[in-house]
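J.: Okay, handing you the structure first.
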Amino acid sequence: MSFTTGSPKDTWQPVMTANTTIASYWLNWRFFLCAIWVLILMTIALILIWKNEHRCGVERDSGGNRQEAEAPFYDDETWRPCLEGIHPAWLLVFRVFAFFALSVLLIISVFVDGGSIFYFYTQWTFTSVTIYFGLGSLLSIRGCYQYHKRAGDKRVDNVEADPEQGTRVSPSVGQSFNTSMAMKSSNSHERLDVRQPAGKLAFIFQIIFQMNAGAVVLTDCVFWFILVPFLAIKDYHLTSLVIGIHSLNAVFLLGDTALNSLRFPWFRIAYFLTWTIVYVLFQWIVHAAFRLWWPYPFLDLSSPYAPLWY
2 MSFTTGSPKD
12 TWQPVMTANT
22 TIASYWLNWR
32 FFLCAIWVLI
42 LMTIALILIW
52 KNEHRCGVER
62 DSGGNRQEAE
72 APFYDDETWR
82 PCLEGIHPAW
92 LLVFRVFAFF
102 ALSVLLIISV
112 FVDGGSIFYF
122 YTQWTFTSVT
132 IYFGLGSLLS
142 IRGCYQYHKR
152 AGDKRVDNVE
162 ADPEQGTRVS
172 PSVGQSFNTS
182 MAMKSSNSHE
192 RLDVRQPAGK
202 LAFIFQIIFQ
212 MNAGAVVLTD
222 CVFWFILVPF
232 LAIKDYHLTS
242 LVIGIHSLNA
252 VFLLGDTALN
262 SLRFPWFRIA
272 YFLTWTIVYV
282 LFQWIVHAAF
292 RLWWPYPFLD
302 LSSPYAPLWY
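Under my numbering, the first residue of the sequence shown carries the number 2, and numbering increases by one thereafter.
Here it is in structure tokens:
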């Protein structure tokens, strides 16, 4: 992956420090200690997910009013802005714009640097954020349709109720008819105003959101506070493409966080841990099979400080 002006001789890759395909690279105290850290974190993450998601599943499977009262969050939280004065269409426009901007940036990155960009954790996260905004756009489109339909149904109910208030009928018949209409209107409004518990797609969307929140913070902090100073020492210059990839994802995600109504159950930080651990395991498997440079120097297990980095 190019970190520089784009000239082939100016491209940067970390120096290969050791042969990762030989047994001695893996069969040592550094790797075993790192593996223990990773295994502990993976176990904690899976326990958190199993305990809390299982509890949420029991609540969602409960019947009657209890299901509605104890739902972790509602379906409209995926598309309704946090402030009532903001129309859902604004959130839709923001998500569609973010999706297309990130998609274009991702396509350009693949065209310039090839499929090797997915060797980096940054591109994993960037792709995940792009998927988040794509799915969010679909949910917002559905939500705007529901919002418009709900507003239209309420207007129809109001129009139908007004003529009935002026009708002149005998007291017994009129009272009975008005009572019937009032009950019908009340039931109609109840149906319109009831908030539906979130379905599976909404929960997947929430999980991706919370996974990306941690991943974006990690990637951008590592890039700007660790890798960029290192590249500056080596006298490399960053392209606008690389700068955009390591900044726009955070900008768009922060903007969506400020606008949306999604909750953040803290146990779902476990999905971010799982996502990161999967990337580490992917790197270990690839390096055990092929002699390659490490995308990030702190992943190199040949350093005696590797357990501290991990």
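Glycine residues also receive a C-beta, built at the ideal position from the N, C-alpha and C atoms. This structure is a prediction, so every number in the text was calculated from the model and none was measured.
1) Going by CA-CA distance only, name the one from I108, F273 and G116 that's closest to Q207.
2) Would you kindly check if the distance between the Cβ of L84 and the Cβ of S141 is under 7 Å?
3) Between the stretch 222-233 and the stretch 277-296, are three or more C-beta pairs nearer than 8 Å?
4) D236: buried (16+ other C-beta within 10 angstroms of its C-beta) or exposed?
5) Count Cβ pairs between the stretch 261-278 and the stretch 30-46 that sit closer than 8 Å; are there 3 or more?
6) Would you decide whether G144 is buried or exposed? Buried here means 16 or more other CB atoms lie within 10 Å of its CB.
7) Curious, which full-length alpha helix (DSSP H) runs of at least 4 residues does the stretch 193-270 contain?
8) Return the chain-ordered list of same chain residues with a C-beta closer than 6 Å to the C-beta of H288, the five sequence neighbours on each side being excluded.
9) Go ahead and pull the three-state DSSP assignment for Y122.
10) Give every residue of the same chain whose Cβ lies closer than 7 Å to the Cβ of W27, excluding the five residues on either side of it in the sequence, and list them in chain order.
11) What separation, rounded to the nearest whole angstrom, lies between the Cα atoms of D77 and P230?
12) Identify every residue that forms a DSSP beta bridge with Y75.
13) Taking the straight line between their C-alpha atoms, what separation do you get for W285 and G116?
14) If you run the structure through DSSP and keep just helix, strand and coil, what is C35?
15) Contact defined as beta carbons within less than 8 Å: I believe F253 pairs with F127. What is the distance between those atoms, to the nearest angstrom?
16) What is the DSSP secondary structure of G135, reduced to helix, strand or coil?
17) Could you say which of M212, L249, H55 and V97 lies nearest to L106 if we only look at CA atoms?
18) Since L93 is in the alpha helix (DSSP H), which residue starts that stretch and which ends it?
19) Within this structure, are the beta carbons of P305 and L34 separated by less than 7 Å?
20) Run the proximity test for T131: is its beta-carbon closer than 6 Å to any non-hydrogen atom belonging to the ligand NAD?
21) Does the beta-carbon distance from L260 to P82 come in below 7 Å?
22) Assuming N213 contacts V130 under a Cβ cut-off of 8 Å, what Cβ separation, rounded to an integer in Å, is found between them?
23) Would you report the Cα separation of F112 and I246, rounded to the nearest angstrom?
24) Using a Cβ-Cβ cutoff of less than 7 Å, which residues in the same chain neighbour G256 once the five nearest sequence positions on both sides are dropped?
25) As a quick exercise: from A251, I132, L219 and A203, pick the residue whose alpha carbon is nearest that of V97.
26) Out of G215, Y146 and Y75, which one is the CA nearest neighbour of V195?
27) If you drop the 5 nearest sequence neighbours on each side, which residues of the same chain put their C-beta closer than 8 Å to that of I109?
28) Taking the continuous alpha helix (DSSP H) assigned at L309, which residues delimit it?
29) Pull up the distance between the alpha-carbon of G200 and that of G86, whole angstroms please.
30) Leaving out five residues before and five after V39 in sequence, what residues of the same chain have Cβ atoms less than 8 Å from its Cβ?
T.: Inspection of the coordinates gives the following:
1) F273
2) no
3) no
4) Counting C-beta atoms within 10 angstroms of its own C-beta, D236 has fewer than 16 neighbours from the protein chains shown and is therefore classed as exposed.
5) yes
6) buried
7) Here the runs fully enclosed are 201-223, 229-234, 241-246 and 249-260.
8) T21
9) In the three-state reduction of the DSSP assignment, Y122 falls in the helix class.
10) A289
11) 43 Å
12) P198
13) Cα to Cα, the separation comes out at about 19 Å.
14) helix
15) Contact doesn't hold; Cβ gap of about 11 Å is too wide.
16) helix
17) That would be L249, whose Cα lies nearest to the Cα of L106.
18) Per DSSP, L93 belongs to the alpha helix (DSSP H) from P89 to D114.
19) no
20) Among the ligands in the structure shown, none appear at all, so the ligand NAD cannot be discussed.
21) Contact: yes.
22) 5 Å
23) 14 Å
24) F95
25) Nearest in C-alpha terms to V97, of all of A251, I132, L219 and A203, is I132.
26) Y75
27) L242
28) A307 to W310
29) 26 Å
30) I278, V281, L282 and Y311
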